[in-house]
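For the sequence shown, the UniProt record's numbering assigns the number 2 to the initial residue and increments by one for each residue that follows. All remarks here apply to the structure that follows.
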Amino acid sequence: KLTDRITELSHLDRSLQAVQARVPMDLQIKGMHLYQRLKRRLTGRAAEPRFIEYPLPAADAVPIEALDPTSPFLYRQGLWQSYFKRLRDEAPVHWNGHTPFGGVWSITRYDDIMTVDRDHERFSAEPFIVMGEPPEGLDLAMFIAMDPPRHDRQRMAVQGVVSPRNLQEMESLIRSRTREVLDSLPLGTPFNWVERVSIELTARMLATLLDFPYEQRHRLVKWSDTAANLASATGGTVTADEAFSAMAEMAAAFTRLWHDKARRIAAGEPPGFDLISLLLTSPDTRDMIERPLEFLGNLALLIVGGNDTTRNSMSGGVYAHHLYPSEFAKLKANPELIPNMVAEIIRWQTPLAHMRRVATRDTRLGGQFIRRGDKLIMWYASGNRDERKFENADAFIIDRPNARQHMSFGFGVHRCMGNRLAELQLRILWEEILPRFDTIEVLEKPQIVQSNFVRGYSRLMVRLTPAR
Ligand code: HEM
2 KLTDRITELS HLDRSLQAVQ ARVPMDLQIK GMHLYQRLKR RLTGRAAEPR FIEYPLPAAD
62 AVPIEALDPT SPFLYRQGLW QSYFKRLRDE APVHWNGHTP FGGVWSITRY DDIMTVDRDH
122 ERFSAEPFIV MGEPPEGLDL AMFIAMDPPR HDRQRMAVQG VVSPRNLQEM ESLIRSRTRE
182 VLDSLPLGTP FNWVERVSIE LTARMLATLL DFPYEQRHRL VKWSDTAANL ASATGGTVTA
242 DEAFSAMAEM AAAFTRLWHD KARRIAAGEP PGFDLISLLL TSPDTRDMIE RPLEFLGNLA
302 LLIVGGNDTT RNSMSGGVYA HHLYPSEFAK LKANPELIPN MVAEIIRWQT PLAHMRRVAT
362 RDTRLGGQFI RRGDKLIMWY ASGNRDERKF ENADAFIIDR PNARQHMSFG FGVHRCMGNR
422 LAELQLRILW EEILPRFDTI EVLEKPQIVQ SNFVRGYSRL MVRLTPAR
């Protein structure tokens, strides 16, 4: 009988969960890795696509139907603005059925992106929010890729980590770390800003959010970079094998952190305001350790969310000032422009180029018929440069009146949870830069990462002149 089968299955499910809870999470991941490798060997299937760089065609060199904005080299080759401008002007809701990531709708105008992002019933964030898919077996469950009500419960459990009170407490810590990093920089000698400043400051921040051993903070960066740069998911350079190894390491470290914190709380130590304490003390998440993919997914979400994005805004701001030197002069004369400038940096940089949605029913958008199950890509990178919304949209203007209306944090139920923290970090960075340095000279063209998701820099060589 059907009811007996269901009872049997739910027993099986519970037994599996019980077994899972006993096997260390890193071993489970290693086991899954072995299984996936064996499967690949037997089926002869490649683990992931490989992206080889070649010069992309100019935006006007191909018919509009064939224009493909999904290439991970679009930003590095400086073609993204022309591609997106053509799409916005000629086909703002654009179908390409033959991208390396399958058929995708590209949504490129500000207003259309807003419509999609705000309508989670018509456009689901499940199962993934990037263009492609992670390798099989590594499809971590994160609330950014869940719809309400599951999304809301999990977001609520962790959002205290960036509550106004927590941020207030963190401000002086962020400032002292920022000072420490800036004071350690060489003057008059070239160095890579990405490594010495952007990565260093975000790593320190992540260690604080997670109450992670401070001296091991660079491991957080490594895991986060691995998770965000998968070839199959975003056209990046990370292979499935590399991702499995990094996730096993991360699982072992976070499990240790979890149990250690649980023991201390059980012994009467008051829980902190770090992420693990919050997860451990919320009824919806305190047994999350028994759901390994969800446990890892939500921790990975916080470190990926807080890592690449803030880091690339820290580098992007310096590069933007180099391209628009009169803005730096304006800033020095009016330091009170810093908060608006921070919004403008985040608009101009758009650290995450897109988020993906899937249509939950047949529907219409911008005069196009969209089928249930179709993938839609909300191109924030394009919406932020939409001339219909932002005058002279490609320019970096620190006192732009509507800079705050940028889409870099998204809208709707998934609007970035860490937006205030990111703004705080950037505001402090620039408040501390101004009294220290007269110029931040950019010495060569920056190196741009290979990705269709992260809009970032791997190298930005600069030379500093001290303030007189
Ligand atoms: C969600 C961008 C900083 C944590 C998002 C989304 C975007 C985004 C585009 C998805 C929005 C949507 O789907 O509508 C950024 C940018 C940042 C930044 C540009 C920096 C300039 C941070 C930081 C944290 C963080 C510092 C860490 C605390 C998250 C989380 C979500 C999220 C947890 C998922 C929210 C949800 O699904 O409800 N972020 N982010 N982000 N971000 Fe950020």
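All C-beta atoms, glycine included, are put in the ideal place defined by N, C-alpha and C.
T190 is classed as exposed because its beta carbon has fewer than 16 other beta carbons within 10 Å across all chains shown. Collapsing the DSSP output to three states places D387 in coil. Put simply, of M132, R180, R257 and P25 the residue whose alpha carbon is nearest the alpha carbon of L435 is R180. Here A354 is not near F255, since their CB atoms are 9 Å or more apart.
A buried status is given to D309, since no fewer than 16 other beta-carbon atoms sit within 10 Å of its beta-carbon.
Remark: the C-beta of T311 is in contact range of ligand 1, defined as less than 8 Å to any heavy atom. Residue side-chain check: P352 places its Cβ nearer than 8 Å to a non-hydrogen atom of ligand 1. Under DSSP, Q448 forms a beta bridge with R460. Taking the Cα positions, S177 is about 26 Å away from L302. Annotation for Q169 indicates a beta carbon at 8 Å or more from all heavy atoms of ligand 1. Set against 8 Å, the gap from the CB of I108 to the closest heavy atom of ligand 1 is not smaller. In this model, H322 and E424 are separated by some 18 Å (Cα to Cα). N403 carries a coil assignment under DSSP once its states are collapsed to helix, strand and coil. With a 10 Å radius around the Cβ and a threshold of 16 neighbouring Cβ atoms, Y36 comes out exposed. For I277, the number of other beta carbons within 10 angstroms of its own is at least 16, and it is reported as buried.
Shortest gap from the CB of I277 to any heavy atom of ligand 1: 8 Å or more. Taking every protein chain shown into account, the CB of E216 has fewer than 16 other CB atoms within 10 angstroms, so this residue is exposed. Only residues of its own chain outside the window of five on either side were considered, and among them M289 and I290 have a CB closer than 6 Å to the CB of F296, listed in chain order.
It is roughly 26 Å from the alpha-carbon of P70 to the alpha-carbon of V195.
Judged by the Cβ position, F412 qualifies as a neighbour of ligand 1 at the 8 Å threshold, a heavy atom of the ligand being closer than this.
The continuous alpha helix (DSSP H) containing A423 extends over residues N420 to I434. Between the beta-carbon of S314 and that of I346 there is about 6 Å, and that keeps the pair under the 8 Å contact cut.
Residue pairing from DSSP places L377 in a beta bridge opposite W106 and R358. Taking all protein chains shown into account, K262 has 16 or more neighbouring C-beta atoms within 10 Å of its C-beta and is therefore buried. When C-alpha distances from V182 are compared across L279, L430, H219 and S283, the shortest belongs to L430. Less than 9 Å separates the beta-carbon of Y111 from that of R389. In the three-state reduction of the DSSP assignment, N393 falls in the coil class. Taking 8 Å as the cut-off, the C-beta of Q406 does not count as close to any heavy atom of ligand 1. In the DSSP assignment, the residues bridged to V455 are L353. Secondary structure remark: continuous alpha helix (DSSP H) runs of at least 4 residues inside the stretch 220-264, in chain order: 232-235. In terms of Cα proximity to L332, the closest of K31, V305, R156 and D400 is D400. Take L258, set aside five residues on each side of it, and the residues of its chain with a beta-carbon closer than 6 Å to its own are I277, in chain order. For R123 and A360, the gap between their C-alpha atoms comes out near 6 Å. Between the stretch 377-391 and the stretch 99-106 there are three or more C-beta pairs closer than 8 Å, enough to call the two in contact.
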